Structure formats: C-alpha cells, structure tokens
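Right, one structure below, let's go through it.
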Amino acid sequence: MTKRAYYANGALECEATVLECRAVENGFEILTDVTSIFPESGGQLSDTGFIGDSRVTHAREEDSEVWHLCDKAVEAGAKVKIAADTGPRLDHTQQHSGEHILSGMASKLFGAKNVGFHMAEDYATIDLDTQLTHEQIKELQREANRAVQRNVPVTYETVQGEELENITLRKQAKGLKGDIRIVYFDGGEVDSCTCCGTHVAFSGEVGYIKITAHIKYKGGTRIWFACGMRAVEDSLNNQDIVDSLAVRFSAKQEDVLNAVLRQGDELTAARHQLKERTEKLNEFIAAELLGKAEVIGATKLIIDMRKGSSMNELKNLGDMLIRDENVLAMLFGENGDSLVYQLARGRNVKTSMRELIKAVNAAAGGKGGGRDEYAQGSAKITSATDAEGSIESLRGYCRSMLKA
C-alpha cells in the first residue's frame, strides 16, 4: 500500500524508495512506498511533478498502490525525492475544495444532492439532482463565496467503515471499508463528506468561486464553475468582452446589455423587412423567368443564376415558380466563395430532383441531396470553378433528358 504524503498538510514533497519500475507504452510506470503525487481519482485530476529527475505526467491508483507515469526509468531500490508541481496542485485543490463548498451549500439551501463531479484542465462541473432557477444559482454563488470569505477551517477525521452508519454526512461513498477519510468544512456547517482528494486548509484559500454557466440536465441542473485563478481569468476575459462591446456601441458598461438587445431587435425587424421585399421582388423575377422558360414537351425548363442570392432566397423563388405545375426549376446563386443551388419541380413534372441533383453535384463539384420534389446543395468556388460552363452543360443534360 502506497503511503499518501499529500494528506499531511497537503505536502508537495517527500522522500521515497522505488519499489518497482516497468516499461509501458508511453514511458515507464514507477511504484514507490510513499508519494506526494496525488493520483487521478474522485473527480480530481492527477498531479504532475518529478521522481528524482524523471518527469511525472500522470499518476493512477491500482488497488491500494499509486503508479506514476514517467519519462525515465528509475531503478528499483533507489532512494528518491518526489515533488509535485505547485501550480497544478493548487489549481486542482482549489477546484476540488470549491466543489465541496458549492455542493454543501446547494444541499443546505435547496436540498439538492450532488450526483456527479468532473474536473478538466480548463473547466469543472457539478451535476445536481434538483432543477435550480437562475435566481437560486445566483444565491448559491453568493452563499458559497460568503463561506470562502469567512475563511472557515477544513478538518479531517479517519474512521472505520462500520462507523459510517452512525455519522451524518452530506455525502458518503458506498461500500467503503478499512480507514475512511472524512473532510469537514467548518465542522460540517458548510460541508461534510467522505473524500480522498486534496483540500485547502482554510476556505479562504479557494479565493473566489464563480458559476460560469448552468443548464437543465437529466431532470436536475449541471453547473460549470471556476475557482481561484481560473475564476479570475474567466472574469478578466468577460471584462474584455464587455469593454469591447462598450467601445463598439459607444455605451457605458452598464448600458451594454440594452445596446446589444436594441441592435438585436433592429436586426430582427430589418430581416423581416428584407424578407418581405425579397418576396415581392421574387414575384417579378418569377414572372419574368416563366415568360422566358424553355418549353420541352409539356415541361417548362428554367435554369437561372442569381448572383448574391442565398439558399433561402432561391427556395422562395423556386416555390413561386412551381406554382406552375409544369415547371422544372434549377436555380443557382453565388454567395461569397460558395455556389448554392436549389432544384424544384411542379406537380406535373415526373423528373426526380433527388436524382437530378447528382448530376448538378458532379458538374459543380459540390454536395447536396433532397426529395423527388425538392433538392439543394452547395459547392466551393475556386479559381478552377466555371459556374456558367457548368450551368450550360446542365442545360444540355436537361434538354436531352426531357426529350427522351
């Protein structure tokens, strides 16, 4: 069993003896009799550090042993110094301790149970079994930070598995045996939980807890949060965004939200107006195209290029054209570096647009699909693109197909 030096006041360094070293795919795994490197477990990330001059990139638990993934082999029996990297340990400890505070306060405030915790290098999440409102999330963040500001002590107790039945905790893992470690924040007033992770000595060392996002999730709530410098960096990034928007809208910071909402409303109104005007314009274009349609048998063939038209505009124009039940319409639009196309047929036309678009894709070098009645696709415009030539080839293809 590997002795855990990091439980002794969060020790970052210790002296150890190498018990075993074995080659693995990504380097070497080293087992020592004691370690100050925390192994990934309980939702907390692994420490990094050194065993002697061998770099430790990850540590994992196997039964009661800790195996360190290293870049160099260290001979069994060697006496070594083990040192965890200070930065990652502090970051992971702050996130883990912040999780305890948030989970404890969510339980006390709203009766919400923590049913999941995940920590990554750039984010951390908690899953609660209760749906919390936006106002409740704000209250949770305030109370969690009040617990941080009170700088309450974090203490531990080691008990045997059978003793857990007589101890009231916010959360305890199932099926634990032997020595069980319990962590208390403010003697349980903030949180109490069985836990194998590393924690701050006083809640103030967490620095700042920021809930960065929250969503409804599996009947409860998923919370994204950041603590310490992660929270500071997130706040600085958000401030940069607000500052940039304030400059963009020539507004005070406190007026940025209203400025953005106002522009959004104006943009929505402009889009509605543009749509109405486009539809009116398309009515004239449709009449013009129908007047010039090439009649092959009983079918009116319309193939047209509309530069600057979007897919939605082509769709609207196509819908107007196939009010004439004998129309087969192939409409193209150049939009920036993209060629978009829309195929539609009237009720009396038997040609399948789903099959016809295969020929269009081949001619344009694009991708698309659809149904027998409608199909659409797009292609990248390059220096080798000959849209007009491709359209003329398709015109000839359609003529021969309709005459057959």
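Okay, so the sequence shown: first residue is 164 according to our numbering, each after it adds one. Using N, Cα and C, we set each Cβ at its ideal position, and we do this for glycine too. Nothing here was measured: the structure is a model prediction, and the numbers come from that model.
Could you check which residue in the options has the C-alpha nearest to that of residue i?
i    : options                   : result
T361 : G173, G215 and S546       : G173
T331 : K340, V317 and V346       : V346
N511 : E488, F280, A526 and L519 : E488
Q257 : I520, N308 and G274       : N308
H495 : S199, V523, T514 and K513 : First, the amino acid is wrong: residue 495 is Phe here, not His. For F495, the nearest C-alpha among the options comes from V523.
G367 : A168, V353, E178 and G279 : V353
W230 : S204, L194, A239 and A247 : L194
R508 : L502, K530 and Q539       : Q539
G528 : E298, H255 and S546       : S546
T638 : K166, I485 and I372       : The displayed coordinates of the chain run from 164 to 567. Any statement about residue 638 would go beyond what the structure contains.
M483 : V503, F447 and S266       : F447
H377 : L208, T441, Q323 and K301 : K301
G350 : D342, F365 and C561       : F365
T384 : V410, S553, G274 and K443 : G274
V363 : R517, F348 and A526       : F348
L464 : G559, E326, L502 and R411 : G559
S199 : A456, R167 and V405       : R167
Using the DSSP secondary-structure output, state which residues sit across from residue i in a beta bridge.
i    : result
L506 : M493 and A538
I569 : Residue numbering for the chain in the displayed model covers 164 to 567; residue 569 lies beyond these limits and cannot be assessed.
A247 : G212
D467 : L494
E192 : R185 and L232
F273 : According to DSSP, which records beta bridges pairwise, F273 is partnered with nothing at all.
G532 : Q539
K334 : C356
How would you call residue i, buried or exposed, if buried means at least 16 neighbouring beta carbons within 10 angstroms?
i    : result
E476 : buried
R534 : exposed
D467 : buried
K244 : exposed
L506 : buried
M282 : buried
F201 : buried
A432 : exposed
L182 : exposed
H297 : exposed
R305 : exposed
D234 : exposed
T220 : exposed
L164 : According to the sequence displayed, residue 164 carries Met and not Leu. Exposed, since its Cβ has fewer than 16 Cβ neighbours within 10 Å.
Y319 : exposed
L232 : buried
Could you check how far apart the C-beta atoms of residue i and residue j are, in whole angstroms? I think they sit under 8 Å.
i    : j    : result
G460 : L565 : 6 Å
G212 : A247 : 4 Å
K118 : C356 : There is simply no residue 118 to check, as the chain begins at 164 and stops at 567 in what is shown.
T249 : L295 : Going by Cβ atoms, the distance from T249 to L295 rounds to 35 Å, so no, they are not a contact pair.
N498 : E442 : Not a contact, Cβ separation roughly 18 Å.
Given 8 Å, three or more beta-carbon pairs between the region 256-263 and the region 387-394: yes
Three or more C-beta pairs below 8 Å linking the region 411-419 and the region 310-320: no
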